[in-house]
Every structure is written in structure tokens, then in C-alpha cells.
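Number of protein chains: 2
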Amino acid sequence: MSRIPPDHPRYLSLVTRDKVVEGVKIGITDIHGLIAHGRGETFDYLIGEKTTDMAAYAQRAAVAMLLLAKRPVISVNGNTAALVPDELVTLADITRAKLEVNLFHRSEARIHKIIRHLKSRGAGVVLGHKGDARLDLSHGRAIVDKDGIYSADVMLVPLEDGDRCQTLVNMDKKVIAIDLNPLSRTSLSATVSIVDNIIRSIPNMIQFARDMKEVEPYRLQKVVDLYDNRKVLSSAMYEINETLKNEAVRQGIPWNNFPENE
Amino acid sequence: MSRIPPDHPRYLSLVTRDKVVEGVKIGITDIHGLIAHGRGETFDYLIGEKTTDMAAYAQRAAVAMLLLAKRPVISVNGNTAALVPDELVTLADITRAKLEVNLFHRSEARIHKIIRHLKSRGAGVVLGHKGDARLDLSHGRAIVDKDGIYSADVMLVPLEDGDRCQTLVNMDKKVIAIDLNPLSRTSLSATVSIVDNIIRSIPNMIQFARDMKEVEPYRLQKVVDLYDNRKVLSSAMYEINETLKNEAVRQGIPWNNFPENE
Numbered sequence: 005m006s007r008i009p010p011d012h013p014r015y016l017s018l019v020t021r022d023k024v025v026e027g028v029k030i031g032i033t034d035i036h037g038l039i040a041h042g043r044g045e046t047f048d049y050l051i052g053e054k055t056t057d058m059a060a061y062a063q064r065a066a067v068a069m070l071l072l073a074k075r076p077v078i079s080v081n082g083n084t085a086a087l088v089p090d091e092l093v094t095l096a097d098i099t100r101a102k103l104e105v106n107l108f109h110r111s112e113a114r115i116h117k118i119i120r121h122l123k124s125r126g127a128g129v130v131l132g133h134k135g136d137a138r139l140d141l142s143h144g145r146a147i148v149d150k151d152g153i154y155s156a157d158v159m160l161v162p163l164e165d166g167d168r169c170q171t172l173v174n175m176d177k178k179v180i181a182i183d184l185n186p187l188s189r190t191s192l193s194a195t196v197s198i199v200d201n202i203i204r205s206i207p208n209m210i211q212f213a214r215d216m217k218e219v220e221p222y223r224l225q226k227v228v229d230l231y232d233n234r235k236v237l238s239s240a241m242y243e244i245n246e247t248l249k250n251e252a253v254r255q256g257i258p259w260n261n262f263p264e265n266e
Numbered sequence: 005m006s007r008i009p010p011d012h013p014r015y016l017s018l019v020t021r022d023k024v025v026e027g028v029k030i031g032i033t034d035i036h037g038l039i040a041h042g043r044g045e046t047f048d049y050l051i052g053e054k055t056t057d058m059a060a061y062a063q064r065a066a067v068a069m070l071l072l073a074k075r076p077v078i079s080v081n082g083n084t085a086a087l088v089p090d091e092l093v094t095l096a097d098i099t100r101a102k103l104e105v106n107l108f109h110r111s112e113a114r115i116h117k118i119i120r121h122l123k124s125r126g127a128g129v130v131l132g133h134k135g136d137a138r139l140d141l142s143h144g145r146a147i148v149d150k151d152g153i154y155s156a157d158v159m160l161v162p163l164e165d166g167d168r169c170q171t172l173v174n175m176d177k178k179v180i181a182i183d184l185n186p187l188s189r190t191s192l193s194a195t196v197s198i199v200d201n202i203i204r205s206i207p208n209m210i211q212f213a214r215d216m217k218e219v220e221p222y223r224l225q226k227v228v229d230l231y232d233n234r235k236v237l238s239s240a241m242y243e244i245n246e247t248l249k250n251e252a253v254r255q256g257i258p259w260n261n262f263p264e265n266e
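Chains as they are written, first to last, in our numbering: chain L, 5 to 266; chain D, 5 to 266.
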């Protein structure tokens, strides 16, 4: 990794970037994952590079859902494995969720590398290598484990493909997505859409899980029942709009004052 | 490159993505260029993946400026060399601009590879290997050719770093930027900010250059004098806002109706 001085104003963003580059270099992240990371960077900039109140509200409902689940599964891809491996292992531990590696650009070699990567960070069983069941999809994401994603009732799918999210919802699973684009097919089709950076989301969810793991089920159920995903998506759009407006004003650029608009 | 069916709804975006991946594989594009490409993809989505009227207005003014220039230079980096090599050569020919390779993550090997790449596409002289002058910058972009960027009066800097753009403007050069983020330091500091995808911009500029190359200088000067860059930036913000609003409405997500806002 390149050396970035900790006092650099973009330190966190640059270190995060380097983690994905490193993921490609050690073979756990596909090279296309870098482009996806860049897309996320822009959306993160637009939501203000912070966990909004409504994103925290979604994270809390997501954790309640995971704690109530009978067969919770956390899906892991090359970008999440590069960015938050320790945190994924911890969250799986507290919520008793299974970890399953599931890749869009699937290769057996990369699946095994990611499984080893997670185990080196303390993971117990990591699913994904069996591939003994199929979802109705035309790419590598279709191949899943029968004991894992296939039979899960609640799934956490960070950095997901739109068509898989829809497919999982159609299978009557509760799907928790982490996606910085509130208008992606994933965000639009998920049961809970966390519009936040994964590097902030998973640590927050760990904290919520620690706080809530002894809470009685009927109270967790109430958190889930009261949750409103449309409000979350609407608020994310509002945040983006505010960021753009505030930044335009700060830079002296007329906002929504385009001549053709008058 | 992967095979993408031409009828795929995201064909152009996927082919463009593959060109940058290929650039990394053949060693002309730095791996960080993929993340930058992803950031651009999001902004392109937000401006509607089209050349807006105001972007075309900026492209026309930019071409007038290049045609009027005494020492025009087109700066080439790893992403532009991967995406539009033929088009850069053609635009340089018509506007009599020099091509100069200039890299943030500078390495002699990569400079020579890009020079060879451009020459294989028909370029004559390509500058950038001498590096006999310096700009006031702390990264590889500082190293320039005395006969090229250092003494240019008008520069086209597609996909630029914010601090270099400001430095070039401070040196009293006229700087034409191509940048999909209207709020980037580059867009904010450039003389002409073209908020458009480079794969659409350079072909459009070639067309404008062909149309305008016989036009009398005083008429070109008028195009330049009447140009208003703040209008261009303001309109790009307006486009982004419209895209977000229209998409939210289309998806049934309340727009700017967030409870905390009432």
C-alpha cells in the first residue's frame, strides 16, 4: 500500500481506496470491483461522507431483523472482503449469521482465497464453495450453497447486484442491502436499504447488535414493524440534494437559477 | 476484453469500462484510474449520460480557444489514452495542438508506453518524456516539458487533478477541463469547464473544430468573449438535480418531502 500521511484531508478515503487496490493485488477482489468502488465514492461524497440519522435508523432495523432471523446469512463479495473482513466476522458472530462468499465474477480460486482471507481474520465456517443450489440469475451470483443463501430467511447483502436483490426478495427472503445509491435497483427492491458506506455501516451494526442482543424478541419485532424503507430512500435523496445545493452556494454557483428554467 | 452483446442496455458504458480495464492490463493506465473511472460513471449517470446543450456550448468555446491559441497543448493521461487515443490524435491535428503525456502516478515506463500507444494511432510528435520543467505541485503532474505544457498558452486537460488545474490557471494559461463533476476543484477553477463524458466530448470537439477551422479569428474571439463558465456549471447542477428528481418521481420515492424538512 502507498503511504498516506494520517493528517491528509482525504486520509480515510485514500486508505479505503488502497484497501480495494490491495484486494485486487492479492486476488480477492475482481478488477471491476475498483470501478464499482469509484461509483460508490461519488455517492458517498453526495451523501456527505457521514452516516445520516436515517441510515442509522435503517442499520438498527436491519440488526433487529438479523437477531430475529432463524437462518441469517451475510453474503460476502470481493470488495467487502477487502474492506471490512474483521468487522464481517464480528457481526456474523454476534448475530449468529453464516458467512457465505458469493461472487458476480465467480471463480473457484477466488472463492477459496476469500474463504481463507476470512478465516485468517477469525471466521469459523465460511460457506460458498459448495455451490449446490441455484438462484434464477444469469451470472456467477446464481451459484449458492443450499445450507446458506438458498435457505436463508434474512440476508445481509452489502454491495449487491440489482437483479440478485430482486430475485432474493421474490424468494420471500428479507433482504438488507448496503448501497450508497438510493436509486439503484438494489436499494429500490431491498426490504431494508442502508444508504451508507460499508466501512461505517458494519461497525455501526456491530454496535447496535451488541446493544440489542439481549433485547426481548417482541421488542425487536416492534423495531422491524415500525420501520419504513421509503422514508429512508426519500431522506437519502434529500441529503444528496442538500449536499449539492450547499456546495453550489458555498462555491458561488447559482442553484436552480439556470436561465432556461426561468 | 469481455464480450458484451451490442443490444445490452448498458452496452456503451460496459464497453467503455472494458477499455479502461484493458488500459490497466497493457500498462498505460494506472490501477487507480479504474476508481476514478467509477467516480465519473456516477456523475455521468447523474447528468443523464448525454451531452447537454450547455456542455456543447462549452465545447464550442473550448475549440474556438484552441484554434486561436499560439501554443495549444493537449495533456494526456492513462485514462484518456485508454479511452480516446484516436480522437485525441485527430483533435490535435485539426487544432495544431501538441500532445503531451502527463501523469499523476508518473513512471518513465508508462510515459513511454503511452507515447508509443498514441504513435501507433497516428500521432506525430508526442511530448512528455523530457520532463525538463516543473510546475509548483507535489506529485508526478509537476514534471512537464518546457516546449509543451510549461510554455502553453491554452491547454486542454481532460480528467484533471484539481490542484494542477489551479496551478495552470495561476500561470495565466487558459485551461479547458473535461470533468463530469461540476463541483470539482478542476471544474471550479478552469477557464472552460466541459461537464461531459470524454468519450462524447472529444468527438464533439473534433466536429466543432472541423466546422470552425476556417472561421475568421475575430469571430472565434467573439465566441470566446461571450462565453460564461458560471452558466455552464450552474446548468450542470440543474441537470443533476433534474435527473435525481425525475428518477425519484418515476420510482415513487417522495422528493424533498422528508419529514424533518416539513
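Heads up, the beta-carbon is just placed ideally off N, CA and C, and yes, glycines get one too.
All values derive from a computational prediction rather than experimental measurement.
Non-local beta-carbon contacts of residue 130 (chain D) in its own chain, meaning distances under 6 angstroms to residues more than five positions away in sequence, involve 103, 119, 122 in chain order. Residue environment analysis places residue 229 (chain L) among the exposed positions, since fewer than 16 neighbouring C-beta atoms fall within 10 angstroms of its C-beta. Put simply, of D:195, D:163, D:184 the residue whose alpha carbon is nearest the alpha carbon of residue 176 (chain D) is D:195. The C-beta of residue 69 (chain D) comes no closer than 8 angstroms to any C-beta of chain L. Here the alpha carbons of residue 153 (chain D) and residue 115 (chain D) stand approximately 15 angstroms from one another.
Beyond the five residues adjoining it in sequence on each side, residue 221 (chain L) comes within less than 7 angstroms, by CB distance, of 72 in the same chain, given in chain order.
Around residue 47 (chain L), the beta-carbon contacts reaching into chain D at under 7 angstroms are 46. Taken atom to atom, the span from the alpha-carbon of residue 169 (chain D) to that of residue 189 (chain D) is near 8 angstroms.
By the CB criterion at 8 angstroms, residue 158 (chain L) and residue 69 (chain L) fall inside the cutoff. Residue pairing from DSSP places residue 147 (chain D) in a beta bridge opposite D:138. By the criterion of a C-beta distance shorter than 6 angstroms, residue 180 (chain D) is surrounded in its chain by 66, 160, 196, once the five residues flanking it on both sides are discounted.
The segment 196-211 of chain D makes no contact with the segment 247-261 of chain D; the number of CB pairs closer than 8 angstroms stays below 3.
Between the alpha carbons of residue 89 (chain L) and residue 134 (chain L) lies a distance of about 21 angstroms.
Inter-residue distance for residue 18 (chain D) and residue 42 (chain D) is about 11 angstroms (C-alpha atoms, whole angstroms).
Contact of residue 42 (chain D) with chain L by beta-carbon distance below 8 angstroms involves 38, 39, 40, 41, 42, 43, 44, 45, 46. Flagged as an interface residue toward chain D: residue 258 (chain L), by a C-beta distance shorter than 8 angstroms. Residues of the segment 225-237 of chain D that bring their beta carbon within less than 9 angstroms of a beta carbon in chain L comprise 234, 235, 237, in sequence order.
Counted as a single uninterrupted DSSP element, the beta strand (DSSP E) harbouring residue 104 (chain D) occupies residues 102-105. Interface flag for residue 118 (chain D) against chain L is unset, since no Cβ pair is found closer than 8 angstroms. Between residue 87 (chain D) and residue 28 (chain D), the gap from beta carbon to beta carbon reaches 8 angstroms or more. For the options D:249, D:212, D:186, D:193, the alpha carbon positioned closest to that of residue 48 (chain D) is the one of D:186. With a cutoff of 8 angstroms on beta-carbon distance, residue 167 (chain D) and residue 108 (chain D) are scored as not near each other. The three-state reading of DSSP puts residue 253 (chain D) in helix, counting H, G and I together.
Annotation: the continuous beta strand (DSSP E) that includes residue 180 (chain D) extends over 178-182. Here DSSP, grouped into helix, strand and coil, assigns residue 159 (chain L) to strand.
Residues of chain D whose Cβ lies closer than 9 angstroms to the Cβ of residue 106 (chain L) do not exist; the shortest such Cβ separation is about 20 angstroms. Residues of chain D with a Cβ closer than 9 angstroms to the Cβ of residue 28 (chain L) are, in chain order, 35, 38.
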